[in-house]
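Heads up, the thing below is written out as structure tokens.
Numbering (my numbering), first residue to last: 7 to 75.
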């Protein structure tokens with residue numbers, strides 16, 4: 007009998023530090039969202055972030071602002 011339970015997505019989520027493109031510059035979408043979150047959190051966003059750094063900062067700011075829950 008088949009169930010509707012889904013397998014955990016553990017292999018689909020990687021730590022940004024393990025990304026092969028993590029050292030590349032942050033994307034335009036990341037930069038835009040970071041600035042939106044930073045504005046809501048009343049924080050500054052450093053320029054020249056890598057994709058991995060931007061992702062980690064987005065996670066931090068989402069937690070602080072309550073977005074992404």
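Don't be surprised by glycine CBs; every beta carbon is placed ideally from N, CA and C.
- For the pair residue 42 and residue 24, the Cα-to-Cα distance works out to about 26 Å.
- In the DSSP assignment, residue 63 falls within the alpha helix (DSSP H) that extends over 57-71.
- Shown here for residue 36: same chain residues with a beta carbon closer than 6 Å to its own, the five before and five after excluded, namely 60 in chain order.
- Judged by DSSP secondary structure, residue 42 falls within the alpha helix (DSSP H) whose first and last residues are 34-47.
- Within the same chain, 67, 70, 71 come within 6 Å of residue 47 by CB-CB distance, once the 5 residues on both sides are set aside.
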